[in-house]
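First up is the structure itself, then whatever we jot down about it.
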Amino acid sequence: MTTYPTFTLTISRVDEQLFNGEAHSVTLPGEKGQLTVLAHHEALITLLRKGTITVRTADDTKTFEIGKGMCEISNNQVTILVQA
5 MTTYPTFTLT ISRVDEQLFN GEAHSVTLPG EKGQLTVLAH HEALITLLRK
55 GTITVRTADD TKTFEIGKGM CEISNNQVTI LVQA
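The C-terminal position of the sequence shown is numbered 88 in my numbering, with every residue numbered one higher than the one before it.
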């Protein structure tokens with residue numbers, strides 16, 4: 005069985021935490037196009053447009069529909085703040 009590296013991912017709205025845990029990848033609707041983040045991604049701050057966030061973990065794939073938001077990637081941690 006192949007083991008993929010993980011990173012810590014937090015996805016939150018003002019009133020609710022949507023996801024908090026380890027992920028193998030997250031695909032985001034970036035302002036300039038789709039962006040997939042893997043473990044040890046280069047540091048980045050970017051705006052997000054309306055669309056779908058797809059989170060892949062060891063056990064599951066989850067999707068979240070967002071209105072817009074922002075993403076910060078630093079030190080193998082990804083923080084995403086979204087509006088509905």
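A virtual CB, placed ideally from N, CA and C, is assigned to each residue, including glycine. All values reported here derive from a predicted model rather than from experimental measurement.
Sequence-distant residues of its chain with Cβ nearer than 8 Å to residue i (five each side left out)
i          : result
residue 72 : 51, 52, 53, 54, 86, 87
The beta strand (DSSP E) enclosing residue i, as first and last residue numbers
i          : result
residue 18 : From DSSP, residue 18 is part of no beta strand (DSSP E); its letter is neither H nor E.
Three-state class that DSSP yields for residue i in the structure shown
i          : result
residue 73 : strand
residue 83 : strand
residue 7  : coil
Beta-carbon contacts of residue i that lie in its chain and below 7 Å, excluding the five residues immediately before and after
i          : result
residue 10 : 26, 27, 28, 43
Between the CA atoms of residue j and residue i - distance to the nearest angstrom
i          : j          : result
residue 78 : residue 49 : 9 Å
residue 47 : residue 66 : 24 Å
residue 15 : residue 60 : 13 Å
residue 38 : residue 31 : 7 Å
residue 69 : residue 23 : 13 Å
residue 76 : residue 82 : 6 Å
residue 17 : residue 40 : 20 Å
residue 20 : residue 57 : 16 Å
residue 34 : residue 62 : 24 Å
Sequence-distant residues of the same chain with beta carbon closer than 6 Å to residue i, five excluded per side
i         : result
residue 8 : 28
Which runs of the beta strand (DSSP E), 3 residues or longer, sit entirely within the segment 25–68? 29–34, 37–42, 48–52, 55–60
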